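Chemist: One structure follows; several queries about it will come next.
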């Protein structure tokens, strides 16, 4: 059975932590775990989900809740009270305080039983269907796909992919979305790389959807990049991502530090791979895929015009004339120059500088990276740099931090939501006024929040690496992630403020005063001139018209930080 495991000072050589892995949650498969009855209950939950998946696409997160309640031998001893609102004869029946309190107490008892030993409440944070395939692609390229994803992993990844295939054969941008080219192509290739045959029913339906909608030439820009890396598309058919911008990013008017951190940290590895024109090994399967996802023969495709192709199902907006002109300048002027002999050294230097930023992000995120879109890219680059190096091994060790198992299979999370969820959970329990009854729950939650606060800024001259202060903040997930967020910080700070007014015998020792000051300092550092507060980094550095250059066809407003 699959089991959710909490971090406990992991003994692996390539893992390191800033707080002894508090908040880390990973899934492990234990073949001999669980009775036949328990295994049957899990299978029943899977079947129920599968049969109702088109009506209720979201899973119930049954597996970990079943595990936790079973481990704690939870029994609900508070009786259920039903109240029929309305009239019974001549007497009006009303909900009384005692009845409401009973319901709150009953719910809180169950909720407290679902608290982890670390003090947070585990939960899935997923849904988009373009998250997992790039990780499979990266591990296929490095040759570690079957090593990292053993048979039990493979079964659950396939389960998730099958469960979320739409009735028309495609896959949506997320589990409730209509089919789109990006996710249909990515998930189709994922099935093939995981060993499914082309004539498999799901593959056949997926391939038909792709070809009926023009073929993989019409995949959006992020898809074009990953297909180029994999070897089933040509770099000539992608819009340029010159790594030279990392050389001049601080002196150009378009300072890279002014872009949304996710945009910047996604562009970073993509520009590195683009500058290298990296292509993975052309295995027989890759060569076969070239014939499966296009209408025309692969060698007859004119790649350059396809730079701006995008299926209407994926297109959130029309690219501006300014953006198209910018790409053309890079394509027809910039790239020929930087790939010519006299300027090749400039490109090599640009790649070296970009790699420095990549290494910095690796170290400061404990090789978790900022998110799941970036994780496969950074992992792949560490392997390209040194297939046997420590950086690659440290990346492999952190893959499990992104994986989650539900009754619909194994999925990749954007990252965990440990800190975010714990803050709201504790606030809710405080609001019950049942503090003495749930003292242990509040103490554990309080301790988790205190241990999850980031205690240091990013290392070295972080401003030169386009990083903002993080000391005093909380991340969305766990402390090792390293990227503080204003709202996560505010909610956790609010918890600590409320708990500081309560007796320490009930809720534990209050957070140190300096930690309160540092949290407030972080929040205020993100306040803009208009009074609003941005999420990750200060806003307003770059003009708003730059959104016209947004290269991501399926998302709007991706370039700039906002309040």
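Residue numbers (our numbering): 15 to 577.
We treat Cβ as the ideally placed atom computed from N, Cα and C, and that holds for glycine.
Computed from a predicted structure; not experimentally measured.
1. Count the other CB atoms within 10 Å of the CB of residue 226; is the residue buried (16 or more) or exposed (fewer)?
2. Going residue by residue through the segment 424-485, where are the continuous alpha helix (DSSP H) segments of at least 4 residues, counting only ones entirely within it?
3. Ordered along the chain, which non-local residues of its own chain (more than five positions away) have a Cβ less than 6 angstroms from that of residue 235?
4. Take every Cβ of the segment 379-395, pair it with every Cβ of the segment 440-457, and state whether three or more of those distances are shorter than 8 angstroms.
5. To which residues of the same chain is residue 117 closer than 8 angstroms at the C-beta, ignoring the five residues directly before and after it?
6. How far does the beta strand (DSSP E) with residue 128 in it extend, from its first residue to its last?
7. Assign residue 570 to buried or exposed, taking buried as 16 or more other Cβ atoms, counted over all protein chains shown, within 10 Å of its Cβ.
8. Between residue 458 and residue 465, what straight-line distance do the alpha-carbon atoms span, to the nearest angstrom?
9. Any beta carbon from chain B within less than 8 angstroms of residue 464's own beta carbon?
10. Could you check where the alpha helix (DSSP H) with residue 277 kicks off and where it finishes?
11. Could you work out which residue in 324, 320 and 372 is closest to residue 279 when comparing CA atoms only?
12. How would you call residue 84, buried or exposed, if buried means at least 16 neighbouring beta carbons within 10 angstroms?
13. Taking the beta strand (DSSP E) that residue 86 falls in, what are its first and last residues?
14. Ordered along the chain, which non-local residues of its own chain (more than five positions away) have a Cβ less than 6 angstroms from that of residue 76?
15. Does the segment 267-287 come into contact with the segment 363-370, if we say contact requires no fewer than three beta-carbon pairs (one atom in each stretch) closer than 8 angstroms?
16. For residue 543, which of 488, 408 and 576 has the nearest alpha-carbon?
17. Alpha carbons only, please: which of 444, 150 and 535 is nearest the one belonging to residue 521?
18. Since residue 352 is in the alpha helix (DSSP H), which residue starts that stretch and which ends it?
19. What residue range does the beta strand (DSSP E) around residue 39 cover?
20. Can you name the start and end residues of the beta strand (DSSP E) that residue 338 belongs to?
21. Whose C-alpha, out of 526, 541 and 277, is nearest the C-alpha of residue 469?
22. If you check the beta carbons only, do residue 455 and residue 126 fall under 8 angstroms apart?
23. When you compare only the Cα positions, how much space is there between residue 241 and residue 551?
24. For residue 420, name the three-state secondary structure that DSSP assigns.
25. Report buried or exposed for residue 341, applying the criterion of at least 16 other Cβ atoms within 10 angstroms of its Cβ.
26. Taking DSSP as the reference, what is the three-state secondary structure of residue 17?
27. In the DSSP assignment, what are the bridge partners of residue 499?
28. Quickly, what does DSSP pair residue 142 with across the bridge? List them, please.
Modeler: On the basis of the supplied data:
1. exposed
2. 432-445 and 453-466
3. 565
4. no
5. 95
6. Unbroken run through residue 128: none, as it is neither H nor E.
7. exposed
8. 11 angstroms
9. Here chain B cannot be found, since the structure has a single protein chain.
10. 275-290
11. 372
12. exposed
13. No beta strand (DSSP E) contains residue 86, which DSSP labels as neither H nor E.
14. 59 and 421
15. yes
16. 576
17. 444
18. 349-352
19. 39-43
20. Looking at the DSSP string, residue 338 is not in any beta strand (DSSP E); the run it does join, the alpha helix (DSSP H), is 335-343.
21. 526
22. yes
23. 31 angstroms
24. strand
25. buried
26. strand
27. 488
28. 188
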